[in-house]
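And the structure:
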């Protein structure tokens with residue numbers, strides 16, 4: 841069971857209920873609420889910006 845209330849069926853030797861803090865339903869990256877700009881695009885923008893200044 842996750843903190844957001846989402847439940848999973850998993851195989852575990854622990855037994856009982858396993859509690860998670862975040863899952864794919866509530867984690868910002870997987871839920872689409874986190875915007876990450878890849879380093880490749882940042883580097884490309886810097887190179888293009890440098891060409892314009894010349």
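Numbering (my numbering), first residue to last: 841 to 894. Note that beta-carbon positions come from the ideal geometry of N, C-alpha and C, so glycine has one too.
Residue i vs residue j beta-carbon contact at 8 Å
i	j	result
residue 841	residue 853	no
residue 843	residue 861	yes
According to DSSP, residues forming a beta bridge with residue i
i	result
residue 860	842
8 Å Cβ cutoff, residue i in contact with chain B
i	result
residue 858	Looking at the structure shown, chain B is missing, and only one protein chain is on hand.
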